[in-house]
Each structure stands twice: as C-alpha cells, then as structure tokens.
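First up is the structure itself, then whatever we jot down about it.
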C-alpha cells in the first residue's frame with residue numbers, strides 16, 4: 001500500500017469496467033494514455049483520480065485502490081489508483097470530445113506505455 005503524497009503531484013486513474021480500460025488522448029496524433037490529474041491541497045490520490053476522470057470524460061468513478069510501485073519500480077513513480085465505473089454513460093460537460101475517449105480491452109492496451117504497476121494489475125485481472 002502506498003501513502004498519500006503532498007498536494008500538487010500527478011495521479012493516474014486506472015478506470016476499469018467489464019474487462020476494459022479507459023484511455024484518453026489530447027488529439028492531433030498524441031498517444032492514448034490513462035486519465036490523470038494534479039492533486040489539489042488536502043486531496044487524496046483517490047479523490048484526484050475520480051476528479052480527473054470526471055473532468056476529462058464525464059464518467060463517475062470510485063477511486064478506491066491505490067497501486068503501489070511494481071517490483072523494481074521507483075518508489076517515486078507517478079501514483080496510480082484503480083477506479084471502478086459508477087455510471088455507464090458520461091454526463092455532459094466533459095472537457096474531451098467523444099473521439100478522444102475510448103475503452104479498450106485489457107489485452108489490447110498498449111502495455112509498454114503503461115507504468116509497471118498498472119501493467120501488473122491488468123495482467124492479474126485480465127478476463128479468462
């Protein structure tokens with residue numbers, strides 16, 4: 001288990017639903033990445049992940065499972081929080097358009113582009 005960091009650090013949201021992972025892009029050839037946000041004062045990693053997903057995509061999630069660094073990963077790696085989907089459709093007001101938001105099957109996610117802790121989590125939770 002990891003400990004919360006001081007406000008201002010970046011947090012990755014690992015939003016999952018039915019064997020799929022939520023990815024976003026900033027468009028114009030930018031890579032598909034996990035939603036992320038910067039922690040505000042007194043905000044936990046989970047709250048930062050929830051807010052980032054909502055602000056970017058309009059989906060409501062529950063950020064309940066912080067991922068610790070993977071074996072061999074620096075303890076200073078960007079923290080990631082597993083988020084469970086609470087709504088099956090996004091609300092209006094997302095900052096990203098539909099074309100910049102997608103759900104991909106765990107096995108289709110660009111594993112090389114994911115932090116080791118996220119890669120390990122997906123490998124352990126891939127549907128059989």
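In the working numbering, the protein residues as written are 1 to 128.
In this text, a Cβ means the ideal position worked out from N, Cα and C, and glycines have one as well.
CA-CA distance, residue 109 and residue 39?
Within the chain shown, residue 109 is the residue found at index 109, counting from 1. Within the chain shown, residue 39 is the residue found at index 39, counting from 1. So the alpha carbons of these two residues sit roughly 25 Å apart.
Are the segment 79-92 and the segment 24-31 touching by the rule of at least three beta carbon pairs closer than 8 Å?
no
Residue 62 and residue 83 closer than 8 Å at C-beta:
Position 62 of the chain shown, counted from the start, is the residue given in the question as residue 62. Position 83 of the chain shown, counted from the start, is the residue given in the question as residue 83. In contact: residue 62 and residue 83 (Cβ atoms closer than 8 Å).
Return the first residue and the last residue of the alpha helix (DSSP H) that residue 56 is part of.
Walking along the chain shown from the start, residue 56 turns up at place 56. First-last of the alpha helix (DSSP H) with residue 56: 45-57.
Whole alpha helix (DSSP H) runs in the segment 83-127 with 4 or more residues, listed along the chain?
116-125
Note down the Cα distance separating residue 60 from residue 72, rounded to an integer number of angstroms.
Here residue 60 is taken as the residue at index 60 of the chain shown, counted from 1. Here residue 72 is taken as the residue at index 72 of the chain shown, counted from 1. Whole-angstrom Cα-Cα distance: 33 Å.
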